[in-house]
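First comes the structure, then the notes that go with it.
Spelled out as structure tokens, the structure:
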């Protein structure tokens, strides 16, 4: 069973969001990292880029496949996890902590309501 | 539910993540593909390759039949040796690649699982006029033990006769010990052995290997290991529309005996004089991962891609991306690979990328 923290919001494409004031910290779920296998390369957005919710924001690549990462909410990228350049395996080992991908300064925190709760995300995984 | 090998329960017990592979439920990894890859390069790993199709060819015309069917010439090796070869269609395209274990008057072939039916049909079709018996052996399992420590561990794990065989085999040599075929062959670029044995004996051998410290290794690492070793994968690097010349397999085509009229020979001889593309190695210079079907641009080439990656991956041993790519003949130096609408530089090299744990590629 993969871990799905109750205090986060999720996207059906397996990103999670943790809200810290007006900042959304974005990563991929434990379920997603497990399905991908060992990550070997993470391509992150540049700081200052502005996304609309649903835009392609990056790519995570495992030995077997590449997978797009989508911006879960609209706003400007204010930080990226530079540690992943040398240690992409952080996403495997700590998907909800050291393996975060980037931070977005939210343009509209109302978009969070559109995202899945932990229970809804669990249901989606179960139905896959 | 797919086909299951005799080791299916052992895979589940070891935490194997099972996936469909050519109709078989096989382990892609047992937790970490990277760790399994490194275990084979540095110590020893065991692979269940029982899904592969074993076919025995016997009969008074077996030799003549195989010299007609196969692009390589089984006469090049003596009994007790294995030989790698392709079987071709009339256009010179590769129907499949396979290993032939040559006995005194008997031949054991190991072909790919995904191509099983068409291979058997093709072999039957080509057998017209030859006194041969083509006999599939679904009762047999196959375990590959690969890595620098593989043979030493096998010497401890096998019976006395088996241990003696493993210790004495030359590269690509094999021996029958009772019903077991023990061969110094593999698909990883490391030393080791492949053992073909009765299916009901497989779980016991597997357990003894694991108890002796051999790491169960899935098909994921099998693919990164073979690609580092510059070994082709059927369906990726060659298929029925690709000749051995275009797949880096010219060394497996035996044209020496002008009398030997094997299937596809005329087409190969024609293409050899006309010229053809080449399968070459690529090493990505920056960050990223090379993947099959990415386009490759050569200096001064056309607007569209001049070639294509046929197999690509992140090389765990080298820490960078490597690939095999089909390119215009004579391509050297630096080329550009299309990765998600960007063009990244890659160096053209002579594979293998890794052999016996060490980087071996040479810039072209």
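Protein chains in written order, with the working numbering: chain A, 27 to 154; chain B, 1099 to 1462. All residues carry an ideal CB built from backbone N, CA and C; glycine is no exception. What you are looking at is a predicted structure, and each value in this text was computed from that prediction instead of being measured.
- Within the stretch 44-121 of chain A, the runs of beta strand (DSSP E) at least 3 residues long that lie entirely inside it are, in chain order, 49-54, 65-69, 82-88, 92-96, 101-106.
- Between the C-alpha atoms of residue 1218/B and residue 1178/B there is a straight-line separation of about 24 angstroms.
- Residue 120/A has a beta carbon lying at 8 angstroms or more from every beta carbon in chain B.
- Per DSSP, the continuous alpha helix (DSSP H) segment holding residue 1248/B begins and ends at 1248-1255.
- For residue 1180/B, the enclosing beta strand (DSSP E) has its first and last residue at 1179-1186.
- Pairing residue 1425/B with residue 1396/B gives a Cβ-Cβ distance under 8 angstroms.
- Look at the stretch 56-78 of chain A: the residues with a C-beta under 8 angstroms from a C-beta of chain B are 63, 64, 66, 67, 69.
- Residue 1324/B and residue 1379/B do not touch by the CB rule: their CB atoms are close to 13 angstroms apart, not below 8 angstroms.
- Apart from sequence neighbours up to five positions away, the residues of its chain that approach residue 1264/B with a beta-carbon distance below 7 angstroms are 1249, 1252, 1253, 1256, 1280, 1291, ordered along the chain.
- Taking 7 angstroms as the Cβ-Cβ cut-off, the stretch 1312-1326 of chain B approaches chain A at 1318, 1322, given in chain order.
- When 7 angstroms is used as the limit between beta carbons, residue 1411/B is near these residues of chain A: 89, in chain order.
- Per DSSP, the beta bridge partners of residue 1418/B are 1413/B.
- Note that the C-beta distance between residue 1147/B and residue 1209/B is not below 8 angstroms.
- In this structure, residue 1429/B sits away from residue 1445/B, with a CB-CB distance that is not shorter than 8 angstroms.
- Counting the other Cβ atoms within 10 Å of the Cβ of residue 1438/B gives fewer than 16, which makes it exposed.
- In its chain, beyond the 5 residues on either side, 1155, 1157, 1224, 1225, 1228, 1230 have a beta carbon closer than 8 angstroms to the beta carbon of residue 1163/B.
- By the CB criterion at 8 angstroms, residue 1322/B and residue 1414/B fall inside the cutoff.
- Cβ-Cβ separation between residue 153/A and residue 48/A: approximately 33 angstroms, too far for a contact (criterion under 8 angstroms).
- Using a Cβ-Cβ cut-off of 8 angstroms, residue 85/A is close to 1438 of chain B, given in chain order.
- A direct Cα-to-Cα measurement between residue 1419/B and residue 1121/B gives close to 29 angstroms.
- Put simply, the CB of residue 1127/B is near chain A, with a gap under 8 angstroms to one of its CB atoms.
- Ranking 1350/B, 1343/B, 1268/B by CA distance to the CA of residue 1369/B puts 1343/B first.
- With respect to the 8 angstroms criterion, residue 1427/B and residue 1408/B are not classified as neighbours on the basis of their beta carbons.
- Taken in chain order, the members of the stretch 99-123 of chain A whose beta-carbon sits within less than 9 angstroms of a beta-carbon on chain B are 111, 115, 118.
- Contacts with chain A at 8 angstroms (Cβ-Cβ) include residue 1386/B.
- For residue 1132/B, the closest Cβ of chain A is nearer than 8 angstroms.
- In the structure shown, residue 1285/B falls within a coil segment according to DSSP collapsed to helix, strand and coil.
- Listed by position along chain A, the residues whose Cβ is nearer than 9 angstroms to that of residue 1389/B are 87, 91, 92.
- Pairing residue 58/A with residue 1355/B, the inter-Cα distance amounts to about 56 angstroms.
- Closest by C-alpha distance to residue 1101/B, out of 1135/B, 1150/B, 1142/B, is 1150/B.
- Non-local beta-carbon contacts of residue 72/A in its own chain, meaning distances under 8 angstroms to residues more than five positions away in sequence, involve 103, 106 in chain order.
- For residue 1309/B, the three-state secondary structure derived from DSSP is helix.
- Less than 8 angstroms separates the beta-carbon of residue 98/A from that of residue 41/A.
- The alpha helix (DSSP H) runs lying completely inside the stretch 1310-1379 of chain B and spanning 4 residues or more are 1317-1326, 1363-1372, given in chain order.
- Looking only at 60/A, 39/A, 51/A, the smallest Cα-Cα distance to residue 123/A is reached by 51/A.
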